[in-house]
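Inspection log for the structure reproduced underneath, given as structure tokens.
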Amino acid sequence: MGLAQETGGLTGRATLGAGLRHEDGTTTPVGEIGVALSSITRTETLGLSFGTVLARGGGQGDDETDIDAGLSYSRLGPRSGLSFDLGYVRNDVGVLTSEEETLDPDALRFDSGKRTVADAALRYVFGTDMPVGGDVGIETRDVSYSGLPDGALEDFRTRGADATLIFALTPTADLRLSAETSRTESEGDGEDADRSVATVGLDVQVSPSLEATLGLGVSELRRSAPGVDEEIDRGPEIELGLVRSVRDGTYGLRATHVLTGDGPRTELRATRVRTLPTGALTWELGASHADEFGLDPVLALGYERSTRAATLSVALAREIEADLFGDTFASDSLALGLRRDLTPRADLTAGVAYRDVEPFADGVAEVERLEMSFGMNYALTRDVDLRLSAERTRIRTGGSDGDRVTNSVFLGVERGIDWRP
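Be aware that the sequence shown starts at 1465, since it is given in the numbering used here, and climbs by one per residue.
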């Protein structure tokens, strides 16, 4: 559910839905409520959204409630800007639509339970179009789990801050000084991690069509857990980048050297972004190397196409990533999305999301998760839609006894009301 996208004033939208969901032999009544408000002026933007889904279970304590709420505000001045965001989300553990899949990839292996994420961020930008400028920000995030076996996933919280100073040396060259720090603390027997990075960078407009970036820094990673001695890793961080603009997009080359919990890792990537008449095509190709694990390929492919009657998106990637605690893993992912208007009153949506996570650490099992969805909407009236959707989720974990599969079907109605006070 998104905020109204009007260009000025106060706008709002409310939705109310009800229906039945059939999942693995059980039929459950489901209700949905959503409210979104947006106020946009020349210098200020305010957004508020709240949505909840209530599924009524058949037995005591079987009720399920999902919540997605957010508050955002930004103010832009001639030389500065201020913004803050608050968010609260409660949904199923492991869903591939959540950014937590990267922050806590172990969650992908669960087909039950709930995850609650509460976060806040504040940022101040100063010195816009001035010889000296920059920005400073702070953020917090609390993640908790429920409905899981004891010790399956540990709750954790993250606090972070960052600051950047930019000095305009010449009309085509900027000197950049930046620093950031974060601390992640886990409950129970979970791991704690502290990370700090300080960087000196130079951004140069070599020519009207060529940009170059150089960054040199040092980082420190501290990790600890109950009954285990603290691990401290320090090392340099390096970034080199070139971006060349052409008529239909850009070409790029980027090299990085960063510190992870498994030691230093070096990556080299070539990129291409191409603008098409009805969409865009992007790709990345490269390699990632760590002394302990050797050389791994990395790649990404994205395609988007949009017409008056349909939109199509495709994303394919193999990445070497690190979670909040510095542990690295190989991640293969595929995402397909389609929306098509069938008639002036009916539209169809379909999607596929796949992820395979293979941790490099010994003794941690690989996990695959596949989600497929299909939906149809039919406009009964101008404000009321009939909705039909079907979903299938399959989870496969290394060392487990076969796949776990969940199927669900939903049929219901939804009413939407737009207003402008």
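Ideal Cβ placement from N, Cα and C applies to all residues, glycine included.
In angstroms, rounded to a whole number, what distance separates the CA positions of residue i and residue j?
| i | j | result |
| --- | --- | --- |
| D1653 | D1791 | 17 Å |
| A1676 | T1636 | 11 Å |
| R1819 | R1804 | 25 Å |
| S1502 | A1584 | 19 Å |
| E1832 | L1572 | 8 Å |
| L1550 | V1607 | 14 Å |
| T1509 | F1548 | 11 Å |
| V1707 | A1519 | 49 Å |
| Q1669 | E1768 | 29 Å |
| L1535 | Y1609 | 23 Å |
| A1810 | I1504 | 32 Å |
| A1744 | R1738 | 6 Å |
| T1730 | A1719 | 7 Å |
| D1556 | G1611 | 10 Å |
| T1529 | E1603 | 26 Å |
| A1500 | F1789 | 35 Å |
Are there 16 or more other CB atoms within 10 angstroms of the CB of residue i, so buried, or fewer, so exposed?
| i | result |
| --- | --- |
| E1496 | buried |
| V1821 | buried |
| D1787 | buried |
| S1513 | buried |
| L1723 | buried |
| A1444 | Past the edges of the chain, shown from 1465 to 1885, lies residue 1444, and the structure says nothing about it. |
| T1507 | exposed |
| A1657 | buried |
| S1671 | exposed |
| V1762 | buried |
| P1613 | exposed |
| D1488 | exposed |
Helix, strand or coil: which one does DSSP assign to residue i?
| i | result |
| --- | --- |
| L1788 | coil |
| L1732 | strand |
| S1562 | Below a pLDDT of 50, predicted positions are generally treated as unreliable, and S1562, at 47, falls in that range; the measurement from the model is reported next regardless. Correct three-state label for S1562: coil. |
| L1629 | strand |
| A1773 | coil |
| A1406 | An answer regarding residue 1406 cannot be provided, because it is not within the stretch 1465 to 1885 covered by the chain. |
| L1550 | strand |
| F1448 | Only positions 1465 to 1885 of the chain appear in this structure, which leaves residue 1448 out of reach. |
| L1844 | coil |
| G1489 | coil |
| P1595 | coil |
| V1828 | coil |
State the start and end residues of the unbroken beta strand (DSSP E) segment that holds residue i.
| i | result |
| --- | --- |
| R1640 | 1637-1650 |
| T1663 | 1656-1671 |
| E1855 | 1848-1861 |
| V1459 | Given a span of 1465 to 1885 for the chain in the structure shown, any question on residue 1459 remains unanswerable. |
| S1683 | 1674-1689 |
| G1716 | 1713-1724 |
| L1704 | 1692-1710 |
| G1880 | 1868-1883 |
For chain D, find out if any of its Cβ atoms is closer than 8 Å to the Cβ of residue i; answer yes or no.
| i | result |
| --- | --- |
| V1778 | Note that chain D does not occur in the displayed structure, where there is just one protein chain. |
So does residue i have its beta carbon nearer than 7 Å to some heavy atom of the ligand SAM?
| i | result |
| --- | --- |
| L1850 | By its list of ligands, the structure shown contains no ligand whatsoever, and the ligand SAM lies outside what it can speak to. |
Scan the region 1734-1762 and note each continuous beta strand (DSSP E) run of 3 residues or more that stays entirely inside, going in chain order.
Positions of the beta strand (DSSP E) runs, each at least 3 residues long and wholly inside the region 1734-1762, are given as 1743-1754 in order along the chain.
For the region 1493-1544, list the alpha helix (DSSP H) runs that are entirely contained and at least 4 residues long, ordered along the chain.
none
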